[in-house]
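Undergrad:
2 protein chains.
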Amino acid sequence: MALRIGVPAETAAGERRVALVPDVVKRLTQQGMSVRVEKGAGTGAFITDAEFEAAGAQIVTREEAWASDLVVHVQPPSEAEIALLRSGSVYIGFLSPLDHPEIVEKLARQGVTALAMELVPRISRAQKMDALSAMAAVAGYKAVLIAANLLPKFFPLLTTAAGTVRPASVLVLGAGVAGLQAIATARRLGARVSAYDIRDAVKEEVQSLGATFLELPFEVPDAQDVSGYAKALAEEKQRQQAQLLVPHIGRSDVVISTAQVPGRRAPVLITEEAVAAMQPGTVIIDLAAPSGGNCVLTKPGETVVHNGVQIVGPLNLPAEMPVHASQMYARTLLAMIQEFATPEGFKPDFEDEIFKGACVTYNGEVVNERVRALLAA
Amino acid sequence: MALRIGVPAETAAGERRVALVPDVVKRLTQQGMSVRVEKGAGTGAFITDAEFEAAGAQIVTREEAWASDLVVHVQPPSEAEIALLRSGSVYIGFLSPLDHPEIVEKLARQGVTALAMELVPRISRAQKMDALSAMAAVAGYKAVLIAANLLPKFFPLLTTAAGTVRPASVLVLGAGVAGLQAIATARRLGARVSAYDIRDAVKEEVQSLGATFLELPFEVPDAQDVSGYAKALAEEKQRQQAQLLVPHIGRSDVVISTAQVPGRRAPVLITEEAVAAMQPGTVIIDLAAPSGGNCVLTKPGETVVHNGVQIVGPLNLPAEMPVHASQMYARTLLAMIQEFATPEGFKPDFEDEIFKGACVTYNGEVVNERVRALLAA
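Taken in sequence, the protein lines are chains A and B.
No gaps in the numbering here: position 233 of the first sequence is 240 in our numbering, and each next residue is one more.
No gaps in the numbering here: position 272 of the second sequence is 279 in our numbering, and each next residue is one more.
If you want it as structure tokens, here you go:
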């Protein structure tokens with residue numbers, strides 16, 4: 008019997024994405040796999056059951072979708088959802104394994120082989136499976152749109168009969184995928200953009216997008232580590248960094264902060280003093296809100312106004328652009344499935360760098376070292 | 008005694024603009040005029056009383072501001088506000104005179120000389136007083152931002168490791184100032200833009216912004232009249248036009264409609280059939296909502312969802328970008344004041360084309376012919 012891939016609906020509050028979209032379903036079914044989509048799973052992303060059926064999927068119940076050989080999902084499963092997974096089945100999705108090791112442990116106990124999309128290694132061969140980057144691009148784009156909508160000013164320079172309007176100043180903190188997409192979008196809209204990152208290596212990329220790269224006058228070693236993520240700076244250096252950013256933040260109409268370190272609280276880049284230096288009406292979009300925020304005043308999931316500065320702490324921007332976010336996510340899943348599964352079944356391959364990196368549970372055990380260490384702590 | 012210019016706070020729901028901003032106040036006080044700003048009038052636009060004082064204004068009560076020699080305002084005055092105006096004083100602001108002739112009549116009875124910013128003629132010398140165009144530019148920009156925020160897709164073409172995302176298709180109906188700014192903003196964001204206008208004369212301008220000019224295969228005479236506004240088409244032709252637009256609307260991710268005819272109900276350009284042709288998740292921003300809407304399903308002041316199509320009917324977008332909208336509006340008022348007032352007083356000049364065009368009441372009489380005709384009807 009052909010490998011049965013299950014697509015259960017998302018149940019997390021506000022989640023509008025769906026793990027697979029019709030054109031990806033079509034590719035999988037054409038390759039001989041069977042795809043079972045929970046009734047209504049595509050609603051939030053404006054995809055009807057009929058469209059999934061036309062692509063070759065079967066519409067099934069929630070229980071049937073979860074009881075598939077391979078289950079693909081966006082949000083980490085709830086306890087009730089884990090209980091619906093069959094022992095011996097495979098689960099692929101976001102798992103926040105370093106923030107929620109307990110979910111990984113429950114998947115292991117359920118006898119499920121789980122792959123965390125966050126842990127796909129950042130190597131060229133795995134680029135097309137890099138779901139985290141795909142979603143970060145959505146978040147960076149969306150952050151700028153939200154900021155532009157909240158700012159009581161134009162982004163672009165405008166020369167009109169009623170005088171000239173100066174372009175908005177946008178500061179992007181952290182030039183990873185989200186930061187670079189934010190820079191590109193703010194530039195498109197005509198803002199003057201500057202960006203800061205502790206990794207000097209991103210300077211050229213920032214400049215090639217038409218933004219100014221901020222160099223702070225202090226001594227920090229280049230913080231690009233092997234996996235491409237920013238290393239956490241020592242505590243004292245972080246304080247200096249935040250202090251040196253104050254005047255730059257104070258001059259900005261919009262600050263978009265994106266600095267996150269997986270498994271740790273986000274570094275503080277925007278102090279209360281920095282917010283006090285900003286003008287009323289200005290906007291901070293803190294994309295690090297899910298891990299505590301880069302701004303000390305951020306309230307995750309809320310918008311707060313502090314001395315007239317609007318501080319937005321979004322938790323899940325990709326869910327607010329569900330059509331393209333689902334499409335991009337589904338393509339990264341397609342690449343994973345094509346790499347590790349055939350119509351005959353799923354083939355775990357611990358010799359493979361990508362599989363080994365992403366796999367967090369196997370044969371009833373938590374197999375990721377960092378997650379094991381967190382669980383042992 | 009120097010001419011006293013009053014700036015009362017706005018009291019209309021949601022209005023965050025203020026008629027003058029500090030740098031305009033400074034210009035006026037330096038020229039020897041006295042500016043009296045109501046306490047807190049700048050709050051919505053993030054301007055403090057202290058900033059107005061630093062520019063040379065006095066902070067006064069509501070009654071004092073309204074009892075000035077020349078009162079400048081954004082929204083038309085309420086009955087209670089008209090009662091605060093002194094007989095013999097001058098009022099300059101938006102008055103919607105063709106939609107609300109009764110307000111004009113009350114101003115005449117109060118003995119106020121009133122100038123309606125909407126009626127400043129569209130001649131080159133008056134460009135710097137063209138408040139309507141300045142506000143339309145804000146609305147067109149803002150409409151695109153709202154649409155981009157609501158659309159579940161990216162606007163730009165995006166080539167990522169997770170596949171290519173196609174650019175959004177934006178259709179702009181009506182290529183006046185708001186429409187042209189919407190085209191420019193949607194193009195900046197990377198969308199594929201097409202635009203339609205009954206006036207062939209705007210074709211080149213549309214194309215110069217990188218948009219496609221839609222030419223519908225029917226026979227309508229060029230509808231550009233002498234004042235630059237679109238003439239209303241005959242009823243049957245409007246029906247044909249709406250019919251011919253259906254497939255174009257159906258192919259669009261975003262439709263921004265801006266067609267308004269002063270003093271009349273907005274023409275219907277988007278029928279129920281056209282909305283039915285659009286995909287779920289798509290967005291209509293109907294800038295003609297204040298005059299009934301270009302879309303038959305628009306509810307002015309609300310966002311309705313019809314078969315998954317999000318239809319937004321904003322009533323006052325400039326108020327949502329109050330810093331720059333106030334700045335631009337204030338500059339048009341400055342130009343008016345400099346044209347018709349000196350520190351010694353306001354100088355009505357019916358020989359002047361601009362004054363004659365804008366002035367709606369004088370010496371206790373309604374002096375605008377069209378408003379008189381509406382009141383007599």
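The beta-carbon is built from N, C-alpha and C at its ideal position, and this holds for glycine as well.
(1) Hey, does A218 of chain B have any beta-carbon neighbour from chain A nearer than 9 Å?
(2) Please go through the same chain and pick out, in chain order, the residues whose beta-carbon is closer than 6 Å to the beta-carbon of L122 of chain A, but skip the five residues on each side of it.
(3) Going by C-alpha distance, which of A:V119, A:Q117, A:L341 and A:T349 is nearest V28 of chain A?
(4) Take every Cβ of the region 68–81 of chain B, pair it with every Cβ of the region 348–368 of chain B, and state whether three or more of those distances are shorter than 8 Å.
(5) Output the residue ranges of the beta strand (DSSP E) runs that lie fully inside the region 63–106 of chain A and measure 3 residues or longer, sorted by chain position.
(6) I want to see whether chain E comes within less than 9 Å of P321 of chain B, judged by CB atoms only; does it?
(7) Keeping to the same chain, check which residues put their C-beta closer than 7 Å to that of R34 of chain B; ignore five residues upstream and five downstream.
(8) Counting pairs of Cβ atoms below 8 Å between the region 115–134 of chain B and the region 143–154 of chain B, do you hit three or more?
(9) At 8 Å on the CB atoms, spell out the chain B contacts of K160 of chain A, in chain order.
(10) Any idea if T68 of chain A is buried or exposed, counting beta-carbon neighbours within 10 angstroms, 16 or more meaning buried?
(11) Please specify which runs of the alpha helix (DSSP H), each continuous and at least 4 residues long, are wholly inside the region 21–50 of chain B, giving them in chain order.
(12) Counting only Cβ pairs nearer than 7 Å, list the residues of chain A close to T349 of chain B.
(13) Between R195 of chain A and chain B, is any beta-carbon pair separated by less than 9 Å?
(14) Return the chain-ordered list of same chain residues with a C-beta closer than 7 Å to the C-beta of K210 of chain B, the five sequence neighbours on each side being excluded.
(15) Along the chain, which unbroken stretches of the alpha helix (DSSP H) at least 4 residues long are found entirely within the region 179–259 of chain B?
(16) Taking only beta-carbon atoms, is P163 of chain B less than 9 Å away from chain A?
(17) So is G217 of chain A buried or exposed if we call it buried at 16+ other beta carbons inside 10 Å?
(18) G288 of chain B touches chain A at which residues, Cβ-Cβ below 7 Å?
(19) At a CB-CB cut-off below 8 Å, which residues of chain B make contact with M335 of chain A?
(20) Which stretch, first to last residue, makes up the beta strand (DSSP E) that contains R315 of chain B?
(21) Of all the CB atoms in chain A, is at least one closer than 9 Å to the CB of G308 of chain B?
(22) Leaving out five residues on either side along the sequence, give the residues of the same chain with a beta carbon under 7 Å from the beta carbon of V311 of chain A.
(23) Buried or exposed, going by whether 16 or more other CB atoms sit within 10 Å of the CB of E309 of chain B?
(24) What does S140 of chain A touch in chain B if you count any residue whose Cβ is under 9 Å from its own?
(25) Do the CB positions of S264 of chain B and L251 of chain B come within less than 9 Å of each other?
(26) Hey, would you say F162 of chain A sits closer than 9 Å to A169 of chain A, going by beta carbons?
(27) Between A:A143, A:D30 and A:A133, which has its C-alpha nearest E346 of chain A's C-alpha?
(28) Check D56 of chain B in the structure and name its three-state DSSP category.
(29) Rounded to whole angstroms, what's the CA-CA distance from A284 of chain A to G257 of chain A? Just pull it up for me.
(30) May I have the straight-line CA-CA distance separating Y203 of chain B from V268 of chain B, to the nearest angstrom?
(31) So, with DSSP's three-state summary, where would you put I130 of chain B?
(32) Inspect the CB distances between the region 188–198 of chain B and the region 327–340 of chain B and report whether three or more fall short of 8 Å.
(33) Using DSSP with H/G/I as helix, E/B as strand and the rest coil, what is F353 of chain B?
(34) Under the three-state reduction of DSSP, which class applies to G147 of chain B: helix, strand or coil?
(35) Take P224 of chain A as the anchor and find which of A:D359, A:D356, A:Q247 and A:M142 has the nearest alpha-carbon.
TA: Concretely, from the data shown:
(1) Position 211 of the second sequence, counted from the start, is the residue given in the question as residue 218 of chain B. Not closer than 9 Å to any Cβ of chain A, the Cβ of A218 of chain B fails to qualify, so no.
(2) Position 115 of the first sequence, counted from the first residue, corresponds to residue 122 of chain A. Answer for L122 of chain A: I99, A365 and C366, listed in chain order.
(3) Within the first sequence, residue 28 of chain A is the residue found at index 21, counting from 1. With distances taken between Cα atoms, V28 of chain A lies closest to A:L341.
(4) The region 68–81 of chain B vs the region 348–368 of chain B: in contact.
(5) Taking only runs of at least 3 residues, the beta strand (DSSP E) segments lying wholly in the region 63–106 of chain A are 65–67, 77–79 and 97–100.
(6) Among the protein chains in the structure shown, which are A and B, there is no chain E.
(7) For the purposes of this step, residue 34 of chain B is taken as residue 27 along the second sequence, with counting starting at 1. Take R34 of chain B, set aside five residues on each side of it, and the residues of its chain with a beta-carbon closer than 7 Å to its own are L341, in chain order.
(8) These segments do not touch.
(9) In the first sequence, residue 160 of chain A corresponds to position 153, counting from 1. In chain order: M328, V330 and H331.
(10) Walking along the first sequence from the start, residue 68 of chain A turns up at place 61. Using a 10 angstroms sphere on the CB of T68 of chain A, the tally of other CB atoms stays under 16, which defines it as exposed.
(11) You should have 29–37.
(12) Locating residue 349 of chain B in the second sequence gives position 342, counting from the first residue. Within chain A, no residue comes near T349 of chain B; the closest Cβ sits about 22 Å away, beyond 7 Å.
(13) Sequence index remark: in the first sequence, residue 195 of chain A carries index 188 (1-based). Contact with chain B is found for R195 of chain A, since one of that chain's Cβ atoms lies less than 9 Å from the residue's Cβ.
(14) Counting from 1 along the second sequence, the entry for residue 210 of chain B is found at position 203. Closer than 7 Å at Cβ, skipping near neighbours: F220.
(15) You should have 184–195, 210–215 and 242–257.
(16) Sequence index remark: in the second sequence, residue 163 of chain B carries index 156 (1-based). For P163 of chain B, at least one C-beta of chain A is nearer than 9 Å to its own C-beta.
(17) The sequence position of residue 217 of chain A within the first sequence is 210, counting from 1. Answer is exposed; the Cβ neighbour count stays below 16.
(18) Residue mapping note: residue 288 of chain B aligns to position 281 of the second sequence, counting from 1. By Cβ distance, chain A contributes F53 and V330.
(19) The residue you call residue 335 of chain A lines up with position 328 of the first sequence. Within chain B, the residues near M335 of chain A are T167, A169, G170 and V172.
(20) Position 308 of the second sequence, counting from 1, holds the residue named residue 315 of chain B. One point to set straight first is that residue 315 of chain B is Gly, not Arg, in the sequence displayed. That residue, G315 of chain B, is in no beta strand (DSSP E); it is neither H nor E in DSSP.
(21) Along the second sequence, read from residue 1 onward, the residue named residue 308 of chain B stands at position 301. Nearest CB-CB separation between G308 of chain B and chain A: not below the 9 Å threshold.
(22) Translated into positions along the first sequence, residue 311 of chain A becomes position 304. L304 and I318, listed in sequence order.
(23) Along the second sequence, one-based indexing puts residue 309 of chain B at 302. Exposed: under 16 other Cβ atoms inside 10 Å.
(24) Within the first sequence, the letter at position 133 stands for residue 140 of chain A. In chain order: T167, A168 and A169.
(25) Residue mapping note: residue 264 of chain B aligns to position 257 of the second sequence, counting from 1. Residue mapping note: residue 251 of chain B aligns to position 244 of the second sequence, counting from 1. The beta carbons of S264 of chain B and L251 of chain B sit no closer together than 9 Å.
(26) By one-based count along the first sequence, residue 162 of chain A stands at place 155. By one-based count along the first sequence, residue 169 of chain A stands at place 162. Result no, Cβ atoms of F162 of chain A and A169 of chain A do not sit closer than 9 Å.
(27) Locating residue 346 of chain A in the first sequence gives position 339, counting from the first residue. Taking each of A:A143, A:D30 and A:A133 in turn and checking the Cα distance to E346 of chain A, the smallest one comes out for A:A133.
(28) In the second sequence, residue 56 of chain B corresponds to position 49, counting from 1. DSSP places D56 of chain B in helix when its eight states are reduced to three.
(29) Counting from 1 along the first sequence, the entry for residue 284 of chain A is found at position 277. Counting from 1 along the first sequence, the entry for residue 257 of chain A is found at position 250. Cα to Cα, the separation comes out at about 4 Å.
(30) Start at 1 with the first residue of the second sequence, and residue 203 of chain B comes out as number 196. Start at 1 with the first residue of the second sequence, and residue 268 of chain B comes out as number 261. Distance between the alpha carbons of Y203 of chain B and V268 of chain B: 16 Å.
(31) Residue 130 of chain B sits at position 123 when you count from the first residue of the second sequence. I130 of chain B: coil per DSSP, three-state reduction.
(32) Contact fails: fewer than three Cβ-Cβ distances are below 8 Å.
(33) Residue numbering aside, residue 353 of chain B sits at position 346 when the second sequence is read from its first letter. In the three-state DSSP reduction, F353 of chain B falls in the strand class (E or B).
(34) In the second sequence, residue 147 of chain B corresponds to position 140, counting from 1. Taken through DSSP and simplified to helix, strand or coil, G147 of chain B comes out as helix.
(35) Here residue 224 of chain A is taken as the residue at index 217 of the first sequence, counted from 1. The shortest Cα separation from P224 of chain A among A:D359, A:D356, A:Q247 and A:M142 belongs to A:Q247.
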